[in-house]
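Taking UniProt numbering, I'd label the letters of the sequence shown as residues 1 to 675.
Cβ coordinates follow ideal geometry from the N, Cα and C atoms, glycine included.
What follows is a single structure, written as structure tokens, with notes after it.
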Amino acid sequence: MDGSDHLAHERSKAQFDVEKMKIVWAGSLYAFQVSNRMARLVAGDPAFRKENRDVLSRKELFKNTLRKAAHAWKRITELGLSEEEASWLRFYVDELSYAYVHWGMFVPAIKGSCTEEQQNKWLPLATNMQIIGTYAQTELGHGSNVQGLETTANFDPKTDEFIIHSPTLTSSKWWPGGLGKIATHAIVYARLITDGQDHGVHGFIVQLRSLDDHLPLPGITVGDIGMKFGSGAFNSMDNGFVRFDHVHIPRNQMLMRVSQVTREGKFVHSNVPRQLVYGAMVYVRQIIVVDASIALSRAVCIAARYSAVRRQFGSENHEISGTGVETQVIDYKTQQSRLFPLLASAYAFRFIGEWLKWLYTDLTQKLEANDFSTLPEAHACTAGLKSLTTSAAADGIEECRKLCGGHGYLSSSGLPELYAVFVPACTYEGDNIVLLLQVARFLMKTISKLSSGRNYKLSGATAYMGHMEHYLIKYSCNVQKAEDWLKPNTILEAFEARAIRMCFACAQNLTKFADQSEGFSELSTDLVEAAIAHCQLIVVSKFIEKLQQNIEGNGVKQQLETLCYIYALHLIHKNSGDFLSTGSLKPKQASLANDQLRSLYAKVRPNVIALVDAFNYSDHFLGSVLGCYDGNVYPKLYDEALKDPLNDSVVADGYGEYIAFWVPCEVFIAIASRY
1 MDGSDHLAHE
11 RSKAQFDVEK
21 MKIVWAGSLY
31 AFQVSNRMAR
41 LVAGDPAFRK
51 ENRDVLSRKE
61 LFKNTLRKAA
71 HAWKRITELG
81 LSEEEASWLR
91 FYVDELSYAY
101 VHWGMFVPAI
111 KGSCTEEQQN
121 KWLPLATNMQ
131 IIGTYAQTEL
141 GHGSNVQGLE
151 TTANFDPKTD
161 EFIIHSPTLT
171 SSKWWPGGLG
181 KIATHAIVYA
191 RLITDGQDHG
201 VHGFIVQLRS
211 LDDHLPLPGI
221 TVGDIGMKFG
231 SGAFNSMDNG
241 FVRFDHVHIP
251 RNQMLMRVSQ
261 VTREGKFVHS
271 NVPRQLVYGA
281 MVYVRQIIVV
291 DASIALSRAV
301 CIAARYSAVR
311 RQFGSENHEI
321 SGTGVETQVI
331 DYKTQQSRLF
341 PLLASAYAFR
351 FIGEWLKWLY
361 TDLTQKLEAN
371 DFSTLPEAHA
381 CTAGLKSLTT
391 SAAADGIEEC
401 RKLCGGHGYL
411 SSSGLPELYA
421 VFVPACTYEG
431 DNIVLLLQVA
441 RFLMKTISKL
451 SSGRNYKLSG
461 ATAYMGHMEH
471 YLIKYSCNVQ
481 KAEDWLKPNT
491 ILEAFEARAI
501 RMCFACAQNL
511 TKFADQSEGF
521 SELSTDLVEA
531 AIAHCQLIVV
541 SKFIEKLQQN
551 IEGNGVKQQL
561 ETLCYIYALH
571 LIHKNSGDFL
581 STGSLKPKQA
591 SLANDQLRSL
601 YAKVRPNVIA
611 LVDAFNYSDH
621 FLGSVLGCYD
631 GNVYPKLYDE
641 ALKDPLNDSV
651 VADGYGEYIA
661 FWVPCEVFIA
671 IASRY
């Protein structure tokens, strides 16, 4: 390695304060300092090294992950890290393990759904890792349809216990991380039955394995569900299955914050609003949106740096004689038109994640004050934005792989693993299409209320629908030249008009069906597209709102403005059919949007490497030879190739057994055939 910064020239072009942009990306100076400190701690610890993960066997990979998780816990306790610092440390270890579900779902579920008395018992055990938990909701036969879960929890008043049972094969719990081999306890979601009456699905804390020898307890059949997509990725995690054969648990192991069963077997609601349970759902989906921005930004960082290093074609001398400097791939307009919108999307998703964090805090405060007015909208926002961002990020990661050409297909590029790790987010915590249909149902209810004639006031992300009459009758886009697309209100109005007109068209078409459920099914494709239009509007509007804030740093706000316009105008370009068919834009205006978009690509081009540097990802975390900070790609690619086990020997194992015996014959035939 020559130690040179092969991207120094690119970094010298930056027209903004990169260090200040790092703070904007992190959310605050404090958040930047904490995350940066933990990133450096992990990157500098040899115990957390990542190489060779893709050539390990499943058992070796799993054991190696257990080692890292144990070392992480050791460092957390040795350094006395706070809960926030510990969370960042686990994040930068960047290897999926049982700890991912224990800290991300099991502990939050105890905090959110247990009574104070229950928390006093279970939280110390969980936070001190005396027990290891998982979250067992999904079943072999049911995922998105939670109300269809088959596992039962039948209360026996004689013993004051619940009997947890899997009545069918399809009722087997399937997929929970950590369940297969490690978890000692699980929060199991089952149908609560008292005296023959089904009270719906509720949560229960169930011990799975002995705390002495780790063997499964009587009545429990548990194991790993097998290999998953990718060579590393989720295969480091023991996603598992479990079946219960009349397993008895104490009554007080039901999650009782919202509802409970008395000693006499009576099902009662507590004075805690049951809507608080939805707050946890909003929280988890907000985290997933942030994860989408991180995953996409990692892929964009790799693709941008490699595109600046890679040179192909372009020089007349090179085409003729093979001499001369070739063109950087990043300077090809086709590369820019694919890469730069993804860069803008990464920033857009980061800021929408910030807004959802605020939304969750605001919602929690209102729910605790028995104000449930914003819950339907909060649910619709988080459902829709989870769907929108994870789908876009998954597609974006794959596009970044293709932007890196053949080398992007190598495991050492980091992109195959990144895709395999992230793509399940399109399914877990709600299938993306199912979530969009939930958003569409909310939007149809909103339009129905507006059309009822009653004085129905809208606020938040649906406030624009209060101007329905304006957008359906009076609105006409006033763009006359390309520069008009650099006016935030012009962009917002175009997106609002498109969303309202698509939603209203769906609502009108639904009235043609006598059976509304049949109509909803028949029009589901149109409803999904209307929901996407609504969600894209939210992202654009919140990006624009972000720009109204006081943003410090020379040139920082200007770069964010450019990215905002790229994000919005690229959406117009991609969805021009919607904008044109609804009459929100005229063909000439859509063409002007494309003209302005090309100008914006040229404007952002000198800053692209600095913009991905602002993500502040270490080479350890990025895990890519193509995206390494110094850009010294080719020696590192060569070194990675030499590390492959196939290169341990000059002659391949098996050559003598399967190849050598027929090569001379084939060679002889080939020679003879020439004469």
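Name the residue from Lys-228, Thr-462 and Gly-519 whose alpha carbon lies nearest to the alpha carbon of Leu-443. Thr-462
Does the segment 601 to 609 come close enough to the segment 528 to 537 that 3 or more CB-CB pairs lie under 8 Å? no
Would you list the residues sitting across from Glu-139 in a DSSP beta bridge? Lys-173
Taking the alpha carbon of Ala-568 as the point to measure from, which residue in Arg-251, Lys-542, Gly-203 and Pro-376 has its own alpha carbon closest? Lys-542
Measuring alpha carbon to alpha carbon, tell me which of Gln-312, Cys-503 and Asp-484 ends up nearest Leu-597. Asp-484
So if DSSP puts Pro-216 in a beta bridge, which residue, or which two residues, is it bridged to? Arg-209
Can you grab the Cα-Cα spacing for the pair Pro-635 / Val-101, in whole Å? 38 Å
What number of angstroms, rounded off, separates the C-alpha of Ala-380 from the C-alpha of Leu-89? 32 Å
Taking the straight line between their C-alpha atoms, what separation do you get for Asp-648 and Leu-642? 8 Å
Using the beta-carbon count (16 or more within 10 Å), is Val-268 buried or exposed? exposed
Identify which residue in Val-242, Phe-241, Ile-447 and Gln-260 has its Cα closest to the Cα of Pro-250. Gln-260
Should Arg-67 go down as buried or exposed, given a rule of 16 or more other Cβ atoms within 10 Å for buried? exposed
Mind checking which residues open and close the beta strand (DSSP E) that includes Leu-192? 185 to 194
Thinking C-beta only, is Leu-637 closer than 8 Å to Val-625? yes
Quick one: using the 10 Å Cβ neighbour count with 16 as the cut-off for buried, is Ala-614 buried or exposed? buried
Presumed contact (8 Å Cβ cut-off) between Thr-151 and Ile-164, rounded CB distance: 7 Å
How many Å lie between Phe-668 and Gly-654 at the Cα? For Phe-668, the predicted structure reports a pLDDT of 47, less than 50, and the residue's modelled location is therefore unreliable. A value from the coordinates is still provided. For Phe-668 and Gly-654, the distance between alpha carbons rounds to 22 Å.
First through last residue of the beta strand (DSSP E) which encompasses Glu-51: Per DSSP, Glu-51 belongs to no beta strand (DSSP E) and is neither H nor E.
Would you check if the distance between the CB atom of Ala-425 and the CB atom of Ala-303 is smaller than 8 Å? no
Output the distance between the C-alpha atoms of Lys-431 and Val-277, rounded to the nearest integer angstrom. Strictly speaking, residue 431 in this sequence is Asp, with Lys absent from that position. Distance between the alpha carbons of Asp-431 and Val-277 is about 19 Å.
Where DSSP assigns a beta bridge to Gln-197, which residues make up the other side? Thr-194
Take every Cβ of the segment 474 to 482, pair it with every Cβ of the segment 584 to 596, and state whether three or more of those distances are shorter than 8 Å. yes
Pro-250: first and last residue of the uninterrupted beta strand (DSSP E) it sits in: 247 to 250
Just list the residues that DSSP pairs residue 679 with in beta bridges. As displayed, the chain neither begins before 1 nor continues past 675, which places residue 679 out of reach and without an answer.
Run through the DSSP bridge pairs and tell me what Gly-223 is partnered with. Phe-241
Can you check the segment 563 to 639 for any alpha helix (DSSP H) of at least 4 residues that lies completely inside it and give the ranges in chain order? 576 to 581, 587 to 604, 608 to 613 and 619 to 622
One or two residues paired with Arg-350 in a DSSP bridge: For Arg-350, which the question treats as bridged, DSSP gives no partner whatsoever.
Euclidean distance between Cα positions of Val-258 and Glu-417: 40 Å
Pick from Ala-494, Phe-504, Ile-491 and Gln-207 that is closest to Thr-221, judged by C-alpha positions: Gln-207
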